[in-house]
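Counting in the working numbering, the sequence shown runs from 188 upward without gaps.
Report on the structure given below.
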Amino acid sequence: MAGAGVYSHALVRGIPESLAAGALRREGSGEGSDVNTASAREEHRLYVQALRDRSLVVTELPADEAYPDCVFVEDTAVVCGGTALIARPGAPSRRGEVTAIKKVLSDLGLNIVEMTDETAALDGGDILFTGKEFFVGLSARTNQRGAEILADVFKDYAVSKVSVSGALHLKSFCTMAGPELIAIGSSDQAQKTLMNMQEMSEHRYEKLTLPDDEAANCVYLNIPNKGHVLLHRTAEEFPDSAKEFGKLKDYLLIPVRNTELAKVDGGLTCCSILFNKTV
Ligand code: GLY
């Protein structure tokens, strides 16, 4: 079953020492502050533990010092219905990250499809799967050709393209927060993007507007017999957005700090590939 938040497995990867000095940053990100690697690792450990505590089978790859951004595994593959599309990350420095990811996803029994077209670019952070359809953010990292290949691989679903500007990825400000609920930031850019998505879609979604765009990157899990679970940024980081999460009824809300990786444009979804493995 492929639905929003329906996952049995998670793939994560450690944080290399090289992240602090070498990870990519958008201009102005992190306000010039250095990443504290020890704190980043502790925050990441708690994130991974939160996934394990929800009964997900977690595979943890070791960090690779050659790839400062390798903790952001979401960008390296899109998994749906037993198929893993191995991405071609838009940043050349990140392309080699996919080799280890491909191997582990193959070892886990997924059907592997590689994006070999050298004109294609696609980061998983630009791919929003709602359970009913895909939205692909066309950003500095993902292009038309990448979106076409994704549409070709996941033919059972409608795939709509939407422009992303002012943020690294589509999911930097827009993620699923429930089966038919989209979490969206309140910036003009975020709201406009969601309006465009709604115009292209046959489906109707509820929206959860968060005062902070960054807080709209949350991880929704719909685990059998465990109900709705949402990993979201903490009240210390985003007090106004945390109040909005607090209004969700019948959710297990799990605040997760992400102060360090946020300095290099990493959100909560960036740190895992979540998928449902039925066989
Ligand atoms: N630092 C995350 C990325 O730029 O891909």
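Built from N, CA and C at the ideal position, the CB exists for glycine as well.
Cβ-Cβ distances below 8 Å link A274 to D262, T263, A264, V265, V285, M302, L309, D310, G311 and G333 in the same chain, with the five nearest sequence neighbours on each side left out; the list follows chain order.
Set against 7 Å, the gap from the CB of D262 to the closest heavy atom of the ligand GLY is smaller. In this structure, D452 has its CB closer than 7 Å to one or more heavy atoms of the ligand GLY. Of the heavy atoms belonging to the ligand GLY, at least one sits nearer than 7 Å to the Cβ of L211. For F432, there is no enclosing beta strand (DSSP E); the residue is found in the alpha helix (DSSP H) stretching over P426 to G433. A heavy atom of the ligand GLY is found nearer than 7 Å to the CB of F259. Residue state for N298 is assigned as strand, using DSSP reduced to three classes. At a cut-off of 4 residues, the continuous stretches assigned as alpha helix (DSSP H) that sit fully inside the stretch 275–356 are 285–294 and 331–340.
In the displayed model, G453 falls within coil according to three-state DSSP, outside both helix and strand. Within the same chain, and ignoring the five residues on either side of K450 in sequence, the residues whose Cβ sits closer than 7 Å to its Cβ are S216, G217, S220 and V222. Here the alpha carbon of A422 sits roughly 35 Å from the alpha carbon of L272. Between C458 and H231, the C-beta gap is smaller than 8 Å, which places the two residues in contact.
The C-beta distance from G209 to P255 rounds to 3 Å, short enough to meet the 8 Å contact threshold.
Going by DSSP, N383 is part of no beta strand (DSSP E) but of the alpha helix (DSSP H) stretching over D375 to M387. By the CB criterion at 8 Å, T329 and V406 fall outside the cutoff.
Proximity of the beta carbon of A308 to the ligand GLY is not indicated: no heavy atom of the ligand is located closer than 7 Å. Secondary structure note for H196: its beta strand (DSSP E) is the uninterrupted segment H196 to R200. With respect to the 8 Å criterion, F360 and I369 are not classified as neighbours on the basis of their beta carbons.
Set against 7 Å, the gap from the CB of R281 to the closest heavy atom of the ligand GLY is smaller. Not one heavy atom of the ligand GLY sits closer than 7 Å to the Cβ of A253.
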